[in-house]
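Line by line, the protein sequences give chains P and R.
If you use the numbering used here, the first sequence corresponds to residues 3 to 171, in order.
If you use the numbering used here, the second sequence corresponds to residues 8 to 110, in order.
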Amino acid sequence: MSPSLPLVPFALIAVAIIGGGLMMLLSRNVVHATLWMLETMLATAALYLLLNAEFLALVQIMVYAGAVSVLVLFVVMLTLRRRQDAVRSLDASPVAAALAVLFVAAVSLGITRFTPTLAPASAQSPTILAFGQLLFDPKGPIMVPFEIASLVLLVALVGAVWWAGGERR
Amino acid sequence: MTLGLHAPLALGAVLFGLGLYGAVSKRSAVMVLMSLELMANAVNINLVTLSRFVTPVKATGQFFAVFAMVVSAAEIGLGLALVLALYRSFRTIELSAMDRLKG
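Structural data, given as structure tokens:
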């Protein structure tokens with residue numbers, strides 16, 4: 003017996019995620035699109051909770067719903083000269099739609115043929131405590147990648163300030 | 008009634024398809040970046056799903072997802088800074104206006 007997901011919560015979350023993504027693409031107003039992206043990110047956090055990834059759900063809310071959405075909203079508002087500029091054309095593109103449909107069809111075919119050896123249903127994911135201890139273990143396998151990740155964030159921060167910063171060079 | 012491994016994987020595939028459509032079709036640089044975030048989100052959903060169903064005890068996919076989130080946060084930060092820099096020189100964020108390298 004392998005792990006399983008309850009149908010009704012998963013269906014609700016799936017509708018929230020896909021609906022949010024669709025509404026993001028179908029919103030004429032860029033600010034509304036950003037808010038729909040925020041909704042998608044929050045629904046994804048709920049999916050992580052359903053998948054026993056509590057830590058990732060928290061990080062998802064803080065990083066995507068908190069930081070990224072606010073950053074995108076700031077850039078949207080900084081790059082609008084008039085209020086009317088927020089409303090844009092839909093940019094519908096049959097070629098892009100065909101590409102996306104082809105991609106999803108190909109991946110779905112791969113998914114239906116994908117049968118990995120599943121873990122037993124009794125296997126439990128680590129708690130937040132165990133997860134954090136693994137992540138911050140000085141002798142653990144995650145330590146070096148963790149430090150490199152912090153370096154990546156630092157470089158990205160400096161680069162973002164350099165690019166977005168004032169006129170003088 | 009319960010669902011197995013394939014339902015969340017299919018959800019991730021559809022979300023990635025939506026992001027792909029947006030990244031290719033949208034003409035606003037900010038919308039393209041938001042579509043890229045949708046795609047990164049879909050990848051993370053797949054990683055966490057596989058972690059839950061295949062390696063729940065070691066949570067390998069969750070660690071991968073943490074690092075994927077770090078990279079996509081760095082990417083959106085740099086991307087938005089780039090959009091601001093482009094806005095300063097072009098006074099617009101329409102991608103069709105950025106054709107200076109066009110032959």
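Yeah, the Cβ is synthetic: ideal placement off N, Cα and C, and Gly gets one too.
Please read all numbers here as calculations on a predicted model, not as lab measurements.
Residue-chain proximity (residue i, chain P), Cβ-Cβ < 8 Å
| i | result |
| --- | --- |
| residue 107 of chain R | no |
| residue 70 of chain R | yes |
| residue 9 of chain R | yes |
| residue 39 of chain R | no |
| residue 64 of chain R | yes |
| residue 104 of chain R | no |
| residue 96 of chain R | no |
Rounded C-alpha distance that separates residue i from residue j
| i | j | result |
| --- | --- | --- |
| residue 43 of chain R | residue 28 of chain R | 10 Å |
| residue 90 of chain P | residue 48 of chain P | 31 Å |
| residue 139 of chain P | residue 95 of chain P | 49 Å |
| residue 93 of chain R | residue 120 of chain P | 48 Å |
| residue 67 of chain R | residue 125 of chain P | 14 Å |
| residue 113 of chain P | residue 97 of chain P | 24 Å |
| residue 9 of chain R | residue 122 of chain P | 15 Å |
| residue 60 of chain R | residue 62 of chain P | 20 Å |
| residue 89 of chain R | residue 45 of chain P | 28 Å |
| residue 7 of chain P | residue 13 of chain R | 11 Å |
| residue 174 of chain P | residue 13 of chain P | The requested residue 174 of chain P does not occur in the structure, where chain P is confined to residues 3 to 171. |
| residue 143 of chain P | residue 136 of chain P | 8 Å |
| residue 42 of chain P | residue 46 of chain R | 12 Å |
| residue 19 of chain P | residue 40 of chain P | 10 Å |
| residue 161 of chain P | residue 72 of chain P | 19 Å |
| residue 163 of chain P | residue 15 of chain P | 36 Å |
| residue 68 of chain P | residue 106 of chain R | 34 Å |
| residue 132 of chain P | residue 73 of chain R | 15 Å |
| residue 11 of chain R | residue 20 of chain R | 15 Å |
| residue 115 of chain P | residue 108 of chain P | 11 Å |
| residue 58 of chain R | residue 69 of chain R | 6 Å |
| residue 150 of chain P | residue 101 of chain R | 34 Å |
| residue 82 of chain P | residue 95 of chain R | 12 Å |
| residue 36 of chain R | residue 78 of chain R | 19 Å |
| residue 32 of chain R | residue 141 of chain P | 46 Å |
Residues near residue i by beta carbon distance below 8 Å, same chain, minus five either side
| i | result |
| --- | --- |
| residue 78 of chain P | 32, 33, 36 and 88 |
| residue 80 of chain P | none |
| residue 103 of chain R | 34 |
| residue 92 of chain P | 28 and 30 |
Neighbouring residues, chain C, relative to residue i (Cβ below 9 Å)
| i | result |
| --- | --- |
| residue 76 of chain R | You won't find chain C in this structure, because its protein chains are P and R. |
For residue i, the nearest candidate out of the options (CA to CA)
| i | options | result |
| --- | --- | --- |
| residue 2 of chain R | R/52, R/35 and R/23 | Chain R is shown only over 8 to 110; residue 2 of chain R falls outside these bounds and no answer can be derived. |
| residue 84 of chain P | R/75, R/99 and R/16 | R/99 |
| residue 80 of chain R | P/157, P/165, P/166 and P/164 | P/157 |
| residue 65 of chain R | P/75, P/128 and P/99 | P/128 |
| residue 53 of chain P | P/38, P/26, P/9 and P/74 | P/9 |
| residue 26 of chain R | P/109, P/146, P/111 and P/102 | P/102 |
| residue 159 of chain P | R/84, R/48, R/32 and R/24 | R/84 |
| residue 22 of chain R | R/36, R/86, R/32 and R/48 | R/48 |
Cβ neighbours of residue i in the same chain (closer than 6 Å, five flanking residues each side left out)
| i | result |
| --- | --- |
| residue 56 of chain P | 130 |
| residue 148 of chain P | none |
| residue 18 of chain R | none |
| residue 23 of chain P | 42 |
Neighbourhood of residue i by C-beta, 7 Å cutoff - its chain only, sequence neighbours within 5 removed
| i | result |
| --- | --- |
| residue 59 of chain P | 47, 50 and 51 |
| residue 16 of chain R | 53 and 56 |
| residue 38 of chain R | 29 |
| residue 76 of chain R | 51 |
| residue 66 of chain P | 43 |
Any C-beta of chain R under 8 Å from that of residue i
| i | result |
| --- | --- |
| residue 146 of chain P | no |
| residue 138 of chain P | no |
| residue 126 of chain P | yes |
| residue 31 of chain P | no |
| residue 5 of chain P | yes |
| residue 21 of chain P | no |
| residue 42 of chain P | yes |
| residue 173 of chain P | Any answer about residue 173 of chain P is impossible in this case: the structure gives chain P only from 3 up to 171. |
| residue 161 of chain P | yes |
| residue 131 of chain P | no |
Residue i, DSSP secondary structure in three states
| i | result |
| --- | --- |
| residue 99 of chain R | coil |
| residue 96 of chain P | helix |
| residue 54 of chain P | coil |
| residue 128 of chain P | coil |
| residue 110 of chain P | helix |
| residue 5 of chain P | coil |
| residue 117 of chain P | coil |
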